[in-house]
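Heads up, the thing below is written out as structure tokens.
Numbering (the numbering used here), first residue to last: 2 to 368.
Given below as structure tokens:
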């Protein structure tokens, strides 16, 4: 399949010329290249001025709700008072958690620390600015290698794995092919060759992946690798993963036959992932059962997978509603309450899920 590009980033195209890249390598280049990668660029990516909005970017509400869950685990079950957020974005979620933590449980807050592991220099700078007033309780690093000791406590990520590079395979006439990206003149094209990558074959076998003819499917080898890297960086932890994805049963639905790799550009969903290399976010729906499978291989215990709206309701988000009698729909209280209702009643609450896994800890998340 050949896809003509008219507005592709010329510098990115030059970097790719005379190569045939797997989709995983293309995504690494388009998202994480130090010079031209989307996440590495010094520009707004999250919020109205960016290309997409995350749920943790919706005010401080989600941060306050998760903080209450974290605090209960720390106070009731003596989970170490340390939180590690992987990929902290602008730092708004961390600020909301720390703000609530300081207010609700000052004693554990004083003993605690909030670590952010963030690969993007731009976002590390934004986080430091956002968290300047709380910096004594914050540690921002670029990788797990900068942690002096294995981490113990609570690990949190929001929309982390959906941006991990994936390989793309397709089944045609009973044979599996891997899809690649190449440059022809001034356009990006997709090329397919019979599947040879042994790591992909191993993934297909151990996960018992069965495709039908004409089906495309993403192979998240980077996510698999990261799970074991994270395992090496933590000693005992409760791991919260917030993202959007499919279970094994769900990705087999005919409506998902073409896979889930897409782009987001100026808040528009772009079906063609080759359209704006280096200029747009690339994302896939994560495979929840793969996260559970490899987590269990690493020795993590699966606790539960909730829809986000269900999780927030169990966590007491309705307690965040503000009682008021102001008829002004644009008042701060009205906007706050609308945001809460949108998180539990709109499609966004149903589109996201929350998975909890535990390593060397076995405590109930809700009582």
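Heads up, the beta-carbon is just placed ideally off N, CA and C, and yes, glycines get one too. None of these values were measured; they are calculated from a predicted model.
Query: Go through its chain and collect everything with a Cβ distance to residue 302's Cβ below 8 Å, but skip five positions before and after it.; Result: 358, 359, 360 and 363
Query: Since I believe residue 25 is in contact with residue 167 (beta carbons under 8 Å), could you give me their beta-carbon distance rounded to a whole number of angstroms?; Result: 6 Å
Query: If contacts are defined as beta-carbon pairs under 8 Å, then residue 128 and residue 91 qualify, I think. What distance do you get, rounded to the angstrom?; Result: 7 Å
Query: Quick one: what's residue 242 bridged to in DSSP?; Result: 158 and 356
Query: Taking the alpha carbon of residue 356 as the reference point, which residue from 298, 94, 253 and 239 has its own alpha carbon closest?; Result: 239
Query: Whose CA, out of 367, 366, 368 and 15, lies closest to the CA of residue 186?; Result: 15
Query: Given a threshold of 16 other Cβ atoms within 10 Å of its Cβ, counted over all protein chains shown, does residue 159 qualify as buried or as exposed?; Result: buried
Query: Nearest to residue 273 by alpha carbon, out of 13, 189, 305 and 144?; Result: 189
Query: Extract the residue ranges of the alpha helix (DSSP H) inside the stretch 157 to 229, only unbroken runs of 4 or more that lie entirely within it.; Result: 199 to 207
Query: Take the Cβ of residue 225 as the centre, count every other Cβ of all protein chains shown within 10 Å, and call the residue buried at 16 or more, exposed below.; Result: buried
Query: Among the candidates 156, 145, 148 and 99, whose CA atom is the shortest distance from the CA of residue 138?; Result: 99
Query: Is it right to say residue 46 is buried, meaning 16 or more other beta carbons lie within 10 angstroms of its own, or is it exposed?; Result: Low per-residue confidence applies at residue 46: pLDDT is 43, beneath 50, and the placement is therefore not dependable, though the value from the model is reported in the following sentence. It is buried - the Cβ of residue 46 has at least 16 other Cβ atoms within 10 Å.
Query: What does the alpha-carbon distance come out to for the pair residue 367 and residue 146?; Result: 33 Å
Query: Quick check: what's the CA-CA separation for residue 321 versus residue 217?; Result: 43 Å
Query: If you follow the beta strand (DSSP E) that residue 116 is part of, which residue opens it and which one closes it?; Result: 114 to 118
Query: Can you pull the DSSP bridge partners for residue 101?; Result: BP columns for residue 101 are empty, so no partner.
Query: Do residue 278 and residue 41 have their CB atoms nearer than 8 Å?; Result: no
Query: Taking the alpha helix (DSSP H) that residue 303 belongs to, which residues open and close that run?; Result: Segment 302 to 308 is the beta strand (DSSP E) holding residue 303; no alpha helix (DSSP H) there.
Query: Here's the rule: buried if 16 or more other CB atoms are within 10 angstroms of the residue's CB, otherwise exposed. What is residue 282?; Result: buried
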